[in-house]
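Visitor: Residue numbers (my numbering), protein chains in the order written: chain A, 89 to 435; chain L, 89 to 435. Just passing along the structure, written as structure tokens.
Number of protein chains: 2
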Amino acid sequence: MRMTTLLVALWFGATSLAAVADDAALRDQSTSAGLKPVPYGLQPVSDNPLTREKIELGRMLFFDPRLSASGFISCNSCHNLGTGGDDNMPTSVGHGWQTGPRNSPTVLNAVFNAAQFWDGRAADLKEQAKGPVQAGVEMANTPEAVVVTLNSMPEYVERFGRAFPGEDDPVSFDNMAKAIEAFEVTLVTPNAPFDQWLEGNDGALSDKQKAGLGLFLDKGCAACHSGINFGGQDYYPFGLIKRPGADILPPEDKGRFQVTETASDEYVFRAAPLRNIALTAPYFHSGQIWDLEQAVAVMGTAQLGTELTDEEAATIAEFLRSLTGEQPVVEYPLLPVETAATPKPQL
Amino acid sequence: MRMTTLLVALWFGATSLAAVADDAALRDQSTSAGLKPVPYGLQPVSDNPLTREKIELGRMLFFDPRLSASGFISCNSCHNLGTGGDDNMPTSVGHGWQTGPRNSPTVLNAVFNAAQFWDGRAADLKEQAKGPVQAGVEMANTPEAVVVTLNSMPEYVERFGRAFPGEDDPVSFDNMAKAIEAFEVTLVTPNAPFDQWLEGNDGALSDKQKAGLGLFLDKGCAACHSGINFGGQDYYPFGLIKRPGADILPPEDKGRFQVTETASDEYVFRAAPLRNIALTAPYFHSGQIWDLEQAVAVMGTAQLGTELTDEEAATIAEFLRSLTGEQPVVEYPLLPVETAATPKPQL
């Protein structure tokens, strides 16, 4: 026992010294692998100029349960800004207490993803925002009913007018989605320890985290998980080397195949963004793995063909915890008051 | 037609002049009837010293869906601070998409009520807070499971320690309730137009609102609806003079009788507080009346034995709209991160 302890201590000592000495090299390697910090400031999005009025309106809509047929479920129900921008459930609860088919992805930093949803079926956040509002197992509403609801409240009518000035018909389902996108653009988490380190602060990562970053790069994780979001940029078969069990990869959910109907897209999913991963258990589209170390190990086996040791998985997980950034601080919105014309809750 | 219009105009003109002339008298009458403004500052509550740490903890707990068995329902789900402190539903959606037996009362200004719930079965807010957490049709949790959940998250353990310093066992179900009470003490809405008027600003109420206040006092509404909250102070039979229909007063809900088992308490309820009533439709414990004018008319018939004219009901309703105060502005809390020890969602 004493010998083992000594060896572990020596191993950590060696790792520590190596990491400290090699910060510059590790930083170069990270940059070469395409790892980037979360930028400050608002990311421009296509066909949707960002204004204060639009962002403010989007904040209201994001929290407004009256976008759902029941009047009970808002965007924030499943993309809870208090818990990492998701709901900490395997799959979300929706209309009628149904559960959805896939784990709710975080809304945080979603603007940096190349496309939205696990299968990338929405090109951007404004297209994404229309999905759950209409999904029968989520908010179960219709575009027509949403527009009636919004038009029934004078404060919304006025705010849509100011957010979309000069438009003939500002209160529309499309503009609802644009306003929500504008708010979501603000939901970014800069200044994570990794970002501070990448920008030159050697002390922002622990030695173990630096060792984890080294493993993350050397084992090939960054081949799929890179860019600002450490993922979210492209699509890969889940089980590239070895298909995981049916609990993790249920055979009935064929991923991107359902979007493209292309055989090579069977069980293909967008590489999960790893920002704030420590806040967003459970993991994978099936949401069955609660433990970050275990999720890392599954990735090693399934995607890299590598049986990571427990120590390696734990060290990589410790690095991933350095991707938790400053969470957005949001004022809870005061919502417009209903009128006699507002549709009643449909349970 | 022209004659009618003229008469209406004359009637309004007379009302207007009378109201302006009689502000001082109306103010005296209001004060004599026990109407009071919402005070600024924190209302002390029994056995629960208010500290910044406790209020801050309570804010987190109020918004934390992990107090429910499902991990989906928080206090704010039914007492939504964005929509007047309630949920704008006849009766609330709870665990398993069940609906509760009574309309969700607003949490705003609840600290000024003599007791909590429609039947007053909780003496104060800290007792109230324990109810929905355990109710099978609401959050469906147990005190034991809540304590396990809270203890599983180091940030909660630390915050309970700071909110309840010197206690041997700070993370308890009782202290959860005390922290929520402390936060709810902050949820008051001062400076409503009526309050401004009562404190001397003649222009804060419109002439119609002053006429409505006059009717409110002359017809006897203030006999039950007085104090800071315009209600919430005592218990009265619903249908004192004439029992409303079964849609409004379902025969199976005997109100305070279920608490006291005293025959004279059949269909007795706490007088509903009228603060922010314009934000909290639908009305009554059964939540079947969406229109404020109609609710006023029902009260006239059921409680006063008076068939109010449409004009009278509308004028009183217009006065009641002056009871909407400044809504609390709350920062949406960042909640503690879960650990492997956190109980999983129980759907």
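The beta carbon of each residue, even a glycine, is placed where N, CA and C say it ideally should be.
Beta carbon of F200 (chain A), beta carbon of G288 (chain A): below 8 Å?
Guide: Against a cut-off of 8 Å, the Cβ pair of G288 (chain A) and F200 (chain A) comes out as no contact.
Visitor: Please report whether the beta-carbon of Y371 (chain L) lies at a distance below 8 Å from any beta-carbon of chain A.
Guide: no
Visitor: Assess contact between the region 259-268 of chain L and the region 184-200 of chain L, defined as three or more Cβ pairs (one per stretch) separated by less than 8 Å. Is contact present?
Guide: For the pair of segments examined, the region 259-268 of chain L was found not to touch the region 184-200 of chain L: the number of CB pairs separated by less than 8 Å stays below three.
Visitor: Short of 9 Å Cβ to Cβ, which residues in the region 132-160 of chain A face chain L?
Guide: Along the region 132-160 of chain A, the positions whose C-beta sits under 9 Å from a C-beta of chain L are M148, F151, D152, P153, R154, S158, G159, F160, read in chain order.
Visitor: Do L123 (chain L) and the ligand COA come close, with the Cβ less than 7 Å from some heavy atom?
Guide: Ligands displayed in this structure: none; no statement on the ligand COA is therefore possible.
Visitor: In angstroms with no decimal places, state the Cα-to-Cα distance between E354 (chain A) and Q346 (chain A).
Guide: 8 Å
Visitor: Quick check on the burial criterion: 16 or more other C-beta atoms within 10 angstroms. Buried or exposed for E419 (chain L)?
Guide: exposed
Visitor: For A359 (chain A), tell me which candidate among A:P332, A:K218, A:F372 has the shortest Cα-Cα distance.
Guide: Out of A:P332, A:K218, A:F372, A:F372 has the C-alpha closest to the C-alpha of A359 (chain A).
Visitor: In chain A, which residues lie less than 7 Å from M177 (chain L) when you measure between Cβ atoms?
Guide: Near M177 (chain L) (Cβ distances below 7 Å), the residues of chain A are G159, P433.
Visitor: Tell me the DSSP secondary structure of Y371 (chain L) in three-state form.
Guide: strand
Visitor: Taking Cβ-Cβ distances below 7 Å as the criterion, which residues of the region 414-428 of chain L are in contact with chain A?
Guide: So the close ones are Q415, V417, V418, E419, Y420, P421, L422, L423, V425, E426, A428.
Visitor: For chain A, find out if any of its Cβ atoms is closer than 8 Å to the Cβ of L303 (chain L); answer yes or no.
Guide: no
Visitor: List, in order along the chain, the chain A residues whose C-beta lies closer than 7 Å to that of T58 (chain L)?
Guide: In this structure chain L extends from 89 to 435, so residue 58 (chain L) is not present and cannot be described.
Visitor: By how many angstroms is the C-alpha of A210 (chain L) removed from the C-alpha of K218 (chain L)?
Guide: Between K218 (chain L) and A210 (chain L), the C-alpha separation is close to 9 Å.
Visitor: Considering only the beta carbon of each residue, do Q204 (chain A) and L213 (chain A) sit closer than 8 Å?
Guide: yes
Visitor: Determine whether the Cβ of D174 (chain A) lies closer than 8 Å to any Cβ atom of chain L.
Guide: no
Visitor: Under 9 Å Cβ-Cβ, which residues of chain A neighbour L275 (chain L)?
Guide: Within chain A, no residue comes near L275 (chain L); the closest Cβ sits about 11 Å away, beyond 9 Å.
Visitor: Please list the terminal residues of the continuous beta strand (DSSP E) segment that includes P325 (chain A).
Guide: 323-325 is the extent of the beta strand (DSSP E) around P325 (chain A).
Visitor: Count the other C-beta atoms from every protein chain shown that fall within 10 angstroms of the C-beta of Y128 (chain L), then say buried if there are 16 or more, exposed otherwise.
Guide: exposed
Visitor: Answer yes or no: do M227 (chain A) and H183 (chain A) have a C-beta to C-beta separation smaller than 8 Å?
Guide: Between M227 (chain A) and H183 (chain A), the C-beta gap is smaller than 8 Å, which places the two residues in contact.
Visitor: By alpha-carbon positions, which one of L:C309, L:A369, L:P433 ends up nearest to A390 (chain L)?
Guide: Closest option to A390 (chain L), Cα to Cα, is L:C309.
Visitor: Just to confirm the assignment, what range does the alpha helix (DSSP H) spanning R154 (chain A) have?
Guide: Note, R154 (chain A): premise wrong, no alpha helix (DSSP H); not H, not E.
Visitor: Are the beta-carbon atoms of Y323 (chain A) and G393 (chain A) separated by less than 8 Å?
Guide: no
Visitor: Counting only beta-carbon separations shorter than 8 Å, does L396 (chain L) have a partner in chain B?
Guide: The structure shown contains no chain B; its protein chains are A and L.
Visitor: Does the contact criterion of 3 or more C-beta pairs under 8 Å hold for the region 167-179 of chain L versus the region 152-165 of chain A?
Guide: Verdict: yes, contact present.
Visitor: Are L114 (chain L) and K296 (chain L) close, meaning C-beta to C-beta below 8 Å?
Guide: When the beta-carbon positions are compared, L114 (chain L) and K296 (chain L) stay at least 8 Å from each other.
Visitor: Around the Cβ of I329 (chain A), are there at least 16 other Cβ atoms within 10 angstroms (buried) or fewer (exposed)?
Guide: exposed
Visitor: Measure the alpha-carbon distance for F248 (chain A) versus A280 (chain A) and round it to whole angstroms.
Guide: Each residue's Cα considered, the two are about 35 Å apart.
Visitor: Indicate whether S314 (chain L) and G122 (chain L) have their beta-carbon atoms separated by less than 8 Å.
Guide: Less than 8 Å divides the Cβ of S314 (chain L) from the Cβ of G122 (chain L).
Visitor: Measuring only the C-alpha atoms, how far is Y148 (chain L) from L422 (chain L)?
Guide: Reading the sequence as shown, one finds Met at residue 148 (chain L) and not Tyr. Cα-Cα distance, rounded: 7 Å.
Visitor: In the DSSP assignment, find the beta strand (DSSP E) that holds V356 (chain A) and state where it starts and stops.
Guide: 356-358
Visitor: Name the DSSP beta bridge partners of Q204 (chain A), please?
Guide: A:A210
Visitor: Any beta-carbon of chain L closer than 8 Å to the one on G184 (chain A)?
Guide: yes
Visitor: What whole-angstrom Cβ distance do T277 (chain A) and E414 (chain A) have, given they're in contact under 8 Å?
Guide: 6 Å
Visitor: So is P193 (chain A) buried or exposed if we call it buried at 16+ other beta carbons inside 10 Å?
Guide: buried
Visitor: I want to see whether chain L comes within less than 8 Å of V181 (chain A), judged by CB atoms only; does it?
Guide: At a cut-off of 8 Å, the C-beta of V181 (chain A) has a neighbouring C-beta in chain L.
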